[in-house]
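Each remark here refers to the structure printed beneath this line.
In my numbering, the protein residues as written are 13 to 145.
Right under this line is the structure:
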């Protein structure tokens, strides 16, 4: 599976909210660089992160453009996040079902058809402005 295929399957599973298929695309030692935050390591830690995300947010990604390196070891994606803020996330504004549309991107490292690193980026100040801080 190429980096493009892996990344495409990753976002397809995310949009279907098929968390098992989504997590199956990660290595056990996956590194996850959280936007404007820390690096977390491991599939179980990523699962916990997604549990919180799915409790606080409902998101669908559109306009996905995927790029990959010539050797297939790295890739990137640019997309639009269409979301709804469902439950207050600690340290962020109060949730009241606010909708938001946010440009975002991610960088990936791929090994044997699985994601070994994902680094997500979006403008947090833009998101805060949209949800009405």
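Ideal Cβ placement from N, Cα and C applies to all residues, glycine included.
For the alpha helix (DSSP H) that contains residue i, what are its first and last residues?
{"i": "residue 62", "result": "55-68"}
{"i": "residue 19", "result": "15-28"}
{"i": "residue 50", "result": "First-last for residue 50: undefined, no H or E at that position."}
{"i": "residue 108", "result": "That residue, residue 108, is in no alpha helix (DSSP H); it is neither H nor E in DSSP."}
{"i": "residue 88", "result": "From DSSP, residue 88 is part of no alpha helix (DSSP H) but of the beta strand (DSSP E) over 86-97."}
Quick check: what's the CA-CA separation for residue i versus residue j?
{"i": "residue 84", "j": "residue 27", "result": "23 Å"}
{"i": "residue 110", "j": "residue 59", "result": "25 Å"}
{"i": "residue 74", "j": "residue 92", "result": "5 Å"}
Which residue from the options puts its Cα closest to that of residue i?
{"i": "residue 140", "options": "124, 78, 108, 79", "result": "108"}
{"i": "residue 79", "options": "137, 121, 36", "result": "121"}
{"i": "residue 47", "options": "66, 124, 117", "result": "117"}
What are the start and end residues of the beta strand (DSSP E) that includes residue i?
{"i": "residue 7", "result": "The chain is shown only over 13 to 145; residue 7 falls outside these bounds and no answer can be derived."}
{"i": "residue 116", "result": "111-123"}
Counting C-beta neighbours from all protein chains within 10 Å, is the total for residue i 16 or more, i.e. buried, or is it exposed?
{"i": "residue 42", "result": "buried"}
{"i": "residue 18", "result": "buried"}
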